[in-house]
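Engineer: In this text, residue positions in the sequence shown follow the numbering used here: the first is 481, and each later residue adds one.
Positions of the beta carbon are idealized from the N, C-alpha and C atoms, including for glycine.
If you're wondering where the values come from, they're calculated on a predicted model, not measured in any experiment.
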Amino acid sequence: MADAQHVDESALGPDAMIARRLKFHRARLGLSQREVAEMIGYPQSYIARIETMKQRPSDAVAAALDEKLGTHREFTDLLEMARSMLILPGSRETVAKETEAERIRVFNSSGIPGLLQTDEYARALIRKGLPRESNEEIAEKAAERLRRQARVFGKEDPPFYRAVIDEAALARPVGSKKIMTEQLRRLLTYRENPLIRIQVLPFNSFEHGMQGGSLFLLDLTEGGTIALVESFRTGHGIESPREVAEYEELFEATQMAALSEKASSDVVLRYLKEYEHESDD
């Protein structure tokens, strides 16, 4: 039997790596679970759950472990890696560049774009697409979307953001009428942000090539544009200039067919009033 100490760590997922490295550093320093827990101010059961992969450490716990065990961001970096795994395969590298973009263009035919979602809407959408996920897993996936929003819109020099949303995403309830009400209210608040432009592609527009999927274009500060095409549970990053140009043309055609910002806000407001009325019934 192979020595457990010689398991190929590169084959482990980030949660398994966190558990394994915590055990390793405890052994290296001759510490028990209880002693580590006391050092960082958490119960021993919390450390036990991390080591059995029943709980992922919080940002505060990862930082405390790095400080008390002298691991120089090891647990912080592993936690960030674990969170990146919540993003669709094929999408991670592109999404990681969001903070490097000076302009982001998005078309979504089946839902509200992730960077514009409320927490409850994100949870409901994830639960609908991944019904076997636990409540904890769904909450973490939704929390990662909110962290993405903070990283992109909360930085010192946020990008221009252009979104085209299919009217179907407004008409199709996700979760509940209350969740939709809060989500559409959120969309309307972006009218006050000069960097964010939202348009609605109406039902009576032309048939487009992105039905059932989404398109994500990043214009990078350093130059160049990359594209991401997503469908159900999969994503495909594109950097070929020729292919990117084709998707830019598709986005521009979709944007031209969409309603103006003012007319789009009116449509969002109309659906909002309908959801509010139905919620009161």
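Should Pro537 be labelled buried (16 or more other beta-carbon atoms within 10 Å of its own) or exposed?
Structural biologist: Here the question's residue 537 lines up with position 57 in the sequence shown. Looking at its Cβ environment, which holds 16 or more other Cβ atoms inside 10 Å, Pro537 is buried.
Engineer: Quick one: what does DSSP say Ser614 is sitting in, helix, strand or coil?
Structural biologist: Numbered from 1 along the sequence shown, position 134 holds the residue referred to as residue 614. Coil at Ser614, not helix or strand.
Engineer: In the DSSP output, what is Phe696 paired with across the bridge?
Structural biologist: Taking the first residue of the sequence shown as position 1, residue 696 is located at position 216. Note: Phe696 sits in a beta bridge opposite Val586, Leu708.
Engineer: Expressed to the nearest angstrom, what Euclidean distance is found between the alpha-carbon atoms of Pro644 and Phe633?
Structural biologist: Translated into the one-based positions of the sequence shown, residue 644 becomes position 164. Translated into the one-based positions of the sequence shown, residue 633 becomes position 153. Residue 644 is actually Val in this sequence, not Pro. Approximately 18 Å, taken between the alpha carbons.
Engineer: Would you kindly report the start and end of the unbroken beta strand (DSSP E) that includes Arg677?
Structural biologist: Locating residue 677 in the sequence shown gives position 197, counting from the first residue. 676-681 is the extent of the beta strand (DSSP E) around Arg677.
Engineer: So what does Ile645 bridge to, in DSSP terms?
Structural biologist: If you number the sequence shown from 1, residue 645 lands on position 165. Paired residues: Asn588, Val680.
Engineer: Just to confirm, does Asn588 get its C-beta within under 7 Å of one of the non-hydrogen atoms of the ligand NAD?
Structural biologist: As presented, the structure is devoid of all ligands, the ligand NAD included, so that no description of it is given.
Engineer: Cα-Cα, which of Arg607, Arg628, Leu509 is closest to Val654?
Structural biologist: Residue numbering aside, residue 654 sits at position 174 when the sequence shown is read from its first letter. That would be Arg607, whose Cα lies nearest to the Cα of Val654.
Engineer: Would you call Asp539 buried or exposed, if buried means 16 or more other Cβ atoms sit within 10 Å of its Cβ?
Structural biologist: Here residue 539 is taken as the residue at index 59 of the sequence shown, counted from 1. It counts as exposed.
Engineer: My output table needs one value for Pro725: the three-state DSSP class, helix, strand or coil.
Structural biologist: The residue given as residue 725 occupies position 245 in the sequence shown. What sits at residue 725 in the sequence shown is Ala, not Pro. In the structure shown, Ala725 sits in a helix (DSSP, three-state: H, G or I).
Engineer: State the DSSP-derived secondary structure class of Ala765, mapped to helix, strand or coil.
Structural biologist: Residue 765 falls outside the range modelled here, since the chain spans only 481 to 761, and no answer is possible.
Engineer: Ordered along the chain, which non-local residues of its own chain (more than five positions away) have a Cβ less than 8 Å from that of Glu647?
Structural biologist: Counting from 1 along the sequence shown, the entry for residue 647 is found at position 167. If we look at Glu647 and ignore the five residues flanking it on each side, its Cβ neighbours are Val680, Leu681, Pro682, Phe683, Val747.
Engineer: For Pro639, is the classification buried or exposed, using 16 other Cβ atoms within 10 angstroms of its Cβ as the cut-off for buried?
Structural biologist: In the sequence shown, residue 639 corresponds to position 159, counting from 1. That one is buried.
Engineer: Could you tell me the distance, in whole angstroms, from the CA atom of Thr705 to the CA atom of Tyr526?
Structural biologist: Numbered from 1 along the sequence shown, position 225 holds the residue referred to as residue 705. Numbered from 1 along the sequence shown, position 46 holds the residue referred to as residue 526. Using only the alpha carbons, I get a separation of about 44 Å.
Engineer: Run the CB neighbour count on Ser512, radius 10 Å, all protein chains shown included, and call it buried at 16 or more, exposed below.
Structural biologist: Within the sequence shown, residue 512 is the residue found at index 32, counting from 1. Looking at its Cβ environment, which holds fewer than 16 other Cβ atoms inside 10 Å, Ser512 is exposed.
Engineer: Nearest to Ala543 by CA position, among His757, Ala602, Arg553, is which residue?
Structural biologist: Locating residue 543 in the sequence shown gives position 63, counting from the first residue. It is Arg553 whose Cα lies nearest to the Cα of Ala543.
Engineer: Out of curiosity, what's the CA-to-CA distance linking Gln663 and Ala733?
Structural biologist: What you label residue 663 is simply residue 183 of the sequence shown in a count that begins at 1. What you label residue 733 is simply residue 253 of the sequence shown in a count that begins at 1. The straight-line gap from Cα to Cα measures roughly 27 Å.
Engineer: Applying the criterion that 16 or more other CB atoms from any shown protein chain within 10 Å of the CB defines a buried residue, is Ser614 buried or exposed?
Structural biologist: Here residue 614 is taken as the residue at index 134 of the sequence shown, counted from 1. It counts as exposed.
Engineer: Here's the rule I'm using: 16 or more other beta-carbon atoms within 10 Å means buried, otherwise exposed. How should Ser467 be labelled?
Structural biologist: The displayed coordinates of the chain run from 481 to 761. Any statement about residue 467 would go beyond what the structure contains.
Engineer: With 16 other CB atoms within 10 Å as the buried threshold, where does Pro569 fall?
Structural biologist: One-based indexing of the sequence shown puts residue 569 at position 89. With a pLDDT of only 49 at Pro569, under the threshold of 50, the placement of this residue in the model should not be trusted, and no figure is reported.
Engineer: What is the rounded straight-line gap between the Cα of Leu452 and the Cα of Ala496?
Structural biologist: Since the first residue shown for the chain is 481 and the last is 761, residue 452 is missing from the structure and cannot be characterised.
Engineer: Which value, in whole angstroms, describes the spacing of the CA atoms of Glu617 and Arg603?
Structural biologist: Taking the first residue of the sequence shown as position 1, residue 617 is located at position 137. Taking the first residue of the sequence shown as position 1, residue 603 is located at position 123. Each residue's Cα considered, the two are about 10 Å apart.
Engineer: Output the distance between the C-alpha atoms of Gly550 and Leu558, rounded to the nearest integer angstrom.
Structural biologist: On the sequence shown, residue 550 is found 70 positions in, with the first residue counted as 1. On the sequence shown, residue 558 is found 78 positions in, with the first residue counted as 1. A direct Cα-Cα distance of roughly 15 Å separates Gly550 from Leu558.
Engineer: Met533 lies in the alpha helix (DSSP H); which residues open and close that run?
Structural biologist: Position 53 of the sequence shown, counted from the first residue, corresponds to residue 533. Per DSSP, Met533 belongs to no alpha helix (DSSP H) and is neither H nor E.
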